[in-house]
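> Sharing a structure below in C-alpha cells format, with a few things to ask.
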Amino acid sequence: DAALGEWTYDGKLYGLTNDRGAFHCYFNVDLFEEAGITPPASTDMWTWDDLREWAKALTKTDGDQIVQYGYGSGSNWAYDLLPGLAGQMAFNDDVTASLLDNEDTIALLDLYQKMMHEDGSTVAPGSLQTGANELFLAGQLGILLDGTWQAGYFRFKSDEVNFTWDVGLPPGVAGAENYFIPNFT
231 DAALGEWTYD GKLYGLTNDR GAFHCYFNVD LFEEAGITPP ASTDMWTWDD LREWAKALTK
291 TDGDQIVQYG YGSGSNWAYD LLPGLAGQMA FNDDVTASLL DNEDTIALLD LYQKMMHEDG
351 STVAPGSLQT GANELFLAGQ LGILLDGTWQ AGYFRFKSDE VNFTWDVGLP PGVAGAENYF
411 IPNFT
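Heads up: take any position in the sequence shown, counting from 1, add 230, and you land on this note's numbering.
Pasting the structure below:
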C-alpha cells in the first residue's frame, strides 16, 4: 500500500512508478583496514563528521597528485539527496517554496566544500576523466555513495574487483532518518 499510495487519489490508482531505488554507501573494506578504520555495519547510523574524518584518513597522495580518494558519488542524483541527508526537506509540503536555505543543509554543503577544497578527500565534479564508480572498481576510492543498482554492476565486473567491499547506510545527521528517493519524473 505504501508504494502505491503516492499514485492513488480518491481510492483510484492513477499511475505507477517504473523504479524505486535507495542510495547507500559502498565501502572498500580493504582500504578501511589499511587505514586502521572499521567500516560501519550495514545498519549502523553514522554522521557526516564521521565521513569527513574517514575520507581524510582514506585519501592518499603522491606528491601533488591524489592517487586515492576517501569519498565520491557515482551519480549526480546524489546531490539531490543532500537536504534529506541533512535531515531536511528540499521543498515545503505543497512544493511552493524551497527549503534549501535552512541551517542544516547549508552546514552540510559547507562540509562538502571543505572535503573537496581543503581536505582533497572527495572528487570534485568534473575534475577527473574517471568517474567515482570506476575509481571504486579500481580500488582507488574508499567510500562510494550510489544506488542499489551498483551492486549488480559490481558483481558483473567482479573479475575487475580485487578487494573486499560491503554496503551500508549513507551518512546522516544524528537522530535523523536516512533519505529515500522514490523516483524522478
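Every residue, glycine too, gets a C-beta built ideally from N, C-alpha and C. Bear in mind the structure is a predicted one, so any value in this text is a computation, not a measurement.
1. If you draw a straight line from the C-alpha of Glu264 to the C-alpha of Ala368, how long is it?
2. Straight-line CA distance for Thr415 to Asp292?
3. Decide yes or no for the touch test of the segment 385 to 403 against the segment 267 to 275: beta carbon pairs closer than 8 Å, at least 3 of them.
4. Could you check the C-alpha separation between Asp334 and Val325 for me, to the nearest Å?
5. Checking the sheet assignment: what are the DSSP bridge partners for Phe253?
6. Please state the DSSP three-state secondary structure of Asn413.
7. Work out the CA separation of Asp260 and Asp240 for me, nearest whole Å.
8. I'd like the span of the beta strand (DSSP E) that includes Ile296, first residue to last.
Working from what's here:
1. Along the sequence shown, read from residue 1 onward, the residue named residue 264 stands at position 34. Along the sequence shown, read from residue 1 onward, the residue named residue 368 stands at position 138. Distance between the alpha carbons of Glu264 and Ala368: 16 Å.
2. In the sequence shown, the residue the question calls residue 415 occupies position 185. In the sequence shown, the residue the question calls residue 292 occupies position 62. Residue placement at Thr415 cannot be trusted, given a pLDDT of 43 that sits under 50; what the coordinates show is reported in the next sentence. Roughly 43 Å separates the two Cα atoms.
3. yes
4. In the sequence shown, the residue the question calls residue 334 occupies position 104. In the sequence shown, the residue the question calls residue 325 occupies position 95. Using only the alpha carbons, I get a separation of about 19 Å.
5. Here residue 253 refers to the residue found at position 23 when the sequence shown is read from its first residue. Paired residue(s): Gly377.
6. Here the question's residue 413 lines up with position 183 in the sequence shown. Here Asn413 scores only 46 on pLDDT, less than 50, and its place in the model should not be relied on; the value that follows carries that caveat. Residue state, collapsed to three classes: coil.
7. One-based indexing of the sequence shown puts residue 240 at position 10. One-based indexing of the sequence shown puts residue 260 at position 30. C-alpha separation (whole angstroms): 52 Å.
8. As a first step, residue 296 must be located in the sequence shown, where it is residue number 66. Looking at the DSSP string, the run of the beta strand (DSSP E) that includes Ile296 is 295 to 303.
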